[in-house]
Structures are given as structure tokens and as C-alpha cells.
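**Q**
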Amino acid sequence: MEAPVEKPHRALDPNEWVELHGDSLFQYAYSRLRNSDSAEEVVQETFVSALKHAGQFRGKGAEGAWLMGILKRKVVDHIRKSLRSGLQVDTSEGTDITEILYDEAGMWRPEYRRDDFRPLDSLEKEEFWRVLEKCLSGLPLRQANAFKLRTLEEQSTEEISKDLGITASTVWVLLHRARTRLANCMRSHW
Amino acid sequence: MLSCKEVSELVSESLDRRLTLRQKLNLWMHLAMCKLCTRFRKDIVYLDSQTRTLIHEAPGVMMDPKVELSSEAKTRIARKLTERN
Ligand SMILES: [Zn+2]
């Protein structure tokens, strides 16, 4: 058996790089951002940043994973940025879902007192994703982004609030509305 | 006594922070008596945990293998990288 030889640092060929990893990076970015332009932008940023830090990268086999690691951080940055810019334009918030579900006294409105709702945990895995994606895309942008950062990217509320310069309680409100809307939407899409 | 609306807020916040003892007691007292809020809690907790579980099981679960980076974008990115090199 041959001992693994530490290869000298190969000159990177950008064309080959993009050809080799472009699609899988784009697929991931698109799955999280759901927008081709944003996904392309993030993939480009990833390659640029990777090239700048090419010295940190070892071995060809690890290339894909290394690029994916950079991409994941870029995706989180992108969601943060769009969440931050969404703060100035506060029109996409939509109706406050809690006003629909509860009356003035804060009690469930009669139409939500029905017993025949199917619980979320009766959704099969594939169905869960399909419905989650569909319902996420119908959410006001800030709520969708807050939910993505918190649940898909597993950021803490402290991180989200510090990063966006909003209070923790504002983040809680966004998340509460997002979850309530999602649960409500997912129950009615089978 | 908390209203159902207040309970739903606490239920969601319990996923993001540690509730105070008093809040927990109020929450559990309400949940013990209210079927609708119990159902809401079950759904919200499941939404959170199932999303996290599936993302860990299969990080690419939301990825569509048919999606491709357009050849224009590939050319543009490669050119950008060559400029910088
Ligand atoms: Zn209740």
C-alpha cells in the first residue's frame, strides 16, 4: 500500500472549480433562499471568498465540503441582511395572525374551536417538507426569515436580536407569528 | 388567569428562552384546562422539533437535484475569479 503523499499546493483553476461544484452549491443556496438571483449571488461570494482563503484548503477530496462550509455561512449572512433591510420597509407584515385566531378577550374564536383538525404530527416526512416549504413561501418575509434563521440555521434569539439591532422581545413576536401562521397553514394543506 | 392568546405567546417563547417559574405555573394551569391551547402547543413544539430533526437527518432535504446554476452564471463567476486571481 502506498503511503498518502502530501501533494504540493495545486494551482486552482476557477473554470474547473465552478464546473465541479457550482451546481451543488447552487442547489443548497436555492433550497434555503428560494430565489435564483440571491442564490447565484451567494454562490459567487462563496467562490470569491474561497479563492481569497485558498491557503486554508487542503486536499482535493475535501474541496466540496470546504466550499459548502463557506456557503452555509454566506447563506446565513444573506438571510440576516435581507431581514435587516426588511426592517425599514414594514409593509410586508400582513395581518396579525393572532387577531384572526383570537377575539378581543384573547380567547379562541369559534371557528378555531373545531375538533376535526388533524395534528401536525400526522404528516409524513416528505409531506411535512412539501407543506412546510409551501407555507413558508406564503409568510411575510420578516417572519419567514426569522423562522429560517432560528430553526433551519439554528441561531439563538440573542444572536438574531444582536445582529439586527432589535430587542429580543421583537424577535419572539416575529417567531410567535411565524410559527402560528405556519402551523395554521400546514394544518389546512394536505 | 392568562388568556389563550397570552398562552400561545408563552408557548412559542418557551422554545426561545427559559420561562420564569411563575410563567411556567400559569402556563401549565391553563394548559391543564384548555384543550385548544394544548393542541396549539403540541403543533408548535412538533413544528420546531420536526424541522430541526429533518434538517439534521438530511441537510439537503430541501434541495432539488434538477436545479442548476445557469451556464451564464458559471461563466460570469469563473471570469470574476480569474480577474481576481
Ligand atoms: Zn387556552
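Protein chains in written order, with numbering that gives the first Met the number 0: chain A, 0 to 189; chain B, 0 to 84. C-beta atoms are modelled at their ideal positions from N, C-alpha and C, and glycine is treated no differently. As the structure is a prediction and not an experimental result, all values here were calculated from the model.
1) Using 7 angstroms as the limit for Cβ to Cβ distance, is Leu82(A) near chain B?
2) Going by DSSP, which residues form a beta bridge with Tyr101(A)?
3) Closer than 8 angstroms is the cut-off here; do at least three beta carbon pairs connect the segment 22-29 of chain B with the segment 178-185 of chain A?
4) Locate the alpha helix (DSSP H) running through Thr85(B), then write down its first and last residues.
5) Quick check on Gln26(A): buried or exposed, where buried means 16 or more other Cβ atoms within 10 Å of its Cβ?
6) Quick one: any contact between the segment 44-52 of chain B and the segment 145-158 of chain A, if contact means 3 or more CB pairs under 8 angstroms?
7) Within the chosen definition, does the segment 151-167 of chain A reach the segment 112-128 of chain A through at least 3 CB pairs nearer than 8 angstroms?
8) Output, in chain order, the set of chain E residues within a Cβ distance shorter than 8 angstroms of Leu181(A).
9) Please classify Leu80(B) as buried or exposed, where buried requires at least 16 neighbouring CB atoms within 10 angstroms.
10) Looking only at C-alpha atoms, which of Val130(A), Leu135(A) and Gly21(A) sits nearest to Leu66(A)?
11) Assign Lys73(A) to buried or exposed, taking buried as 16 or more other Cβ atoms, counted over all protein chains shown, within 10 Å of its Cβ.
12) Just the chain B side, please: which residues come within less than 8 angstroms of Leu190(A) by C-beta, in chain order?
13) If the cut is a Cβ gap below 8 angstroms, which residues of chain A does Lys23(B) touch?
14) Ligand 1 and Val6(B): does any heavy atom of the ligand fall closer than 6 angstroms to the residue's C-beta?
15) Assuming Asn34(A) is part of the alpha helix (DSSP H), what are its boundary residues?
16) Counting only Cβ pairs nearer than 8 angstroms, list the residues of chain B close to Pro109(A).
17) How about the segment 58-72 of chain B and the segment 0-13 of chain B: do they share at least three Cβ pairs that are nearer than 8 angstroms?
18) By a C-beta neighbour count over all protein chains shown, 10 Å radius and 16 as the cutoff for buried, is Glu1(A) buried or exposed?
19) Can you tell me where the alpha helix (DSSP H) with Asp47(B) in it begins and where it stops?
20) Excluding the five sequence neighbours on either side, which residues of its own chain have a C-beta within less than 7 angstroms of the C-beta of Ala28(A), listed in chain order?
21) According to the Cβ coordinates, are Val170(A) and Ile159(A) closer than 7 angstroms?
22) Go ahead and label Ser187(A) buried or exposed: buried means 16 or more other beta carbons lie within 10 angstroms of its beta carbon, across all protein chains shown.
23) Can you give the Cα-Cα distance for Phe39(B) and Pro109(A), rounded to whole angstroms?
24) Nearest chain B C-beta to Asp89(A) closer than 7 angstroms, yes or no?
25) Quick one, are the C-beta atoms of Cys3(B) and Gly105(A) less than 7 angstroms apart?
26) On the premise that Asn144(A) lies in contact with Ile99(A), defined as a C-beta separation below 8 angstroms, what is that separation, rounded to the nearest angstrom?
**A** Straight from the coordinates:
1) Locating residue 82(A) in the first sequence gives position 83, where the first residue counts as 1. It does not: the Cβ of Leu82(A) has no partner Cβ on chain B nearer than 7 angstroms.
2) For the purposes of this step, residue 101(A) is taken as the residue at position 102 of the first sequence. Per DSSP, Trp107(A).
3) Taking a cut-off of 8 angstroms for Cβ pairs, the segment 22-29 of chain B and the segment 178-185 of chain A do not touch, as fewer than three such pairs fall below it.
4) Any property of residue 85(B) remains undetermined from this structure, which presents chain B solely from 0 to 84.
5) Start at 1 with the first residue of the first sequence, and residue 26(A) comes out as number 27. Looking at its Cβ environment, which holds 16 or more other Cβ atoms inside 10 Å, Gln26(A) is buried.
6) Under the Cβ criterion (8 angstroms, minimum of three pairs), the segment 44-52 of chain B counts as touching the segment 145-158 of chain A.
7) Taking a contact to require three or more Cβ pairs closer than 8 angstroms, the segment 151-167 of chain A and the segment 112-128 of chain A do not qualify as touching.
8) No chain E appears in this structure, whose protein chains are A and B.
9) Counting from one through the second sequence, the residue named residue 80(B) turns up at place 81. Looking at its Cβ environment, which holds 16 or more other Cβ atoms inside 10 Å, Leu80(B) is buried.
10) Walking along the first sequence from the start, residue 66(A) turns up at place 67. Looking at the Cα atoms, Gly21(A) is the closest of the given residues.
11) For this step, residue 73(A) is matched to residue 74 along the first sequence. Buried.
12) The displayed coordinates of chain A run from 0 to 189. Any statement about residue 190(A) would go beyond what the structure contains.
13) Sequence index remark: in the second sequence, residue 23(B) carries index 24 (1-based). Going along chain A, no residue has its Cβ under 8 angstroms from Lys23(B), so there is no contact; the nearest lies around 16 angstroms.
14) Within the second sequence, residue 6(B) is the residue found at index 7, counting from 1. A distance criterion of 6 angstroms places the beta-carbon of Val6(B) in contact range of ligand 1, judged by its closest non-hydrogen atom.
15) What you label residue 34(A) is simply residue 35 of the first sequence in a count that begins at 1. Neither: Asn34(A) is in no alpha helix (DSSP H) and is coded neither H nor E.
16) As a first step, residue 109(A) must be located in the first sequence, where it is residue number 110. Correct list: empty, because the minimum Cβ distance to chain B is about 11 angstroms.
17) A contact is defined here as three or more CB-CB pairs under 8 angstroms, and the segment 58-72 of chain B fails this definition with respect to the segment 0-13 of chain B.
18) Residue numbering aside, residue 1(A) sits at position 2 when the first sequence is read from its first letter. For Glu1(A), the pLDDT reaches just 49, beneath the cut-off of 50, and the residue's location in the model is therefore unreliable, leaving the point undetermined.
19) As a first step, residue 47(B) is located in the second sequence; it is residue number 48 there, counting from the start. Element bounds for Asp47(B): Lys34 to Glu56.
20) Locating residue 28(A) in the first sequence gives position 29, counting from the first residue. Counting only Cβ-Cβ distances below 7 angstroms, and skipping sequence neighbours, we find Ala38, Val41, Val42, Leu70 and Val74.
21) Counting from 1 along the first sequence, the entry for residue 170(A) is found at position 171. Counting from 1 along the first sequence, the entry for residue 159(A) is found at position 160. Taking a C-beta distance under 7 angstroms as the contact criterion, Val170(A) and Ile159(A) qualify as a contact pair.
22) In the first sequence, counting from the first residue as 1, residue 187(A) sits at position 188. Result: exposed.
23) Stepping through the second sequence from its first residue, residue 39(B) is reached at position 40. Stepping through the first sequence from its first residue, residue 109(A) is reached at position 110. The straight-line gap from Cα to Cα measures roughly 15 angstroms.
24) Locating residue 89(A) in the first sequence gives position 90, counting from the first residue. Caution is warranted here: a pLDDT of 43 is assigned to Asp89(A), below 50, making its placement in the model unreliable, and the coordinate value is therefore given only provisionally. No - not a single Cβ of chain B is within 7 angstroms of the one on Asp89(A).
25) Position 4 of the second sequence, counting from 1, holds the residue named residue 3(B). Position 106 of the first sequence, counting from 1, holds the residue named residue 105(A). Yes. Within cutoff.
26) The residue given as residue 99(A) occupies position 100 in the first sequence. The residue given as residue 144(A) occupies position 145 in the first sequence. Contact flag wrong, Cβ pair sits at about 21 angstroms.
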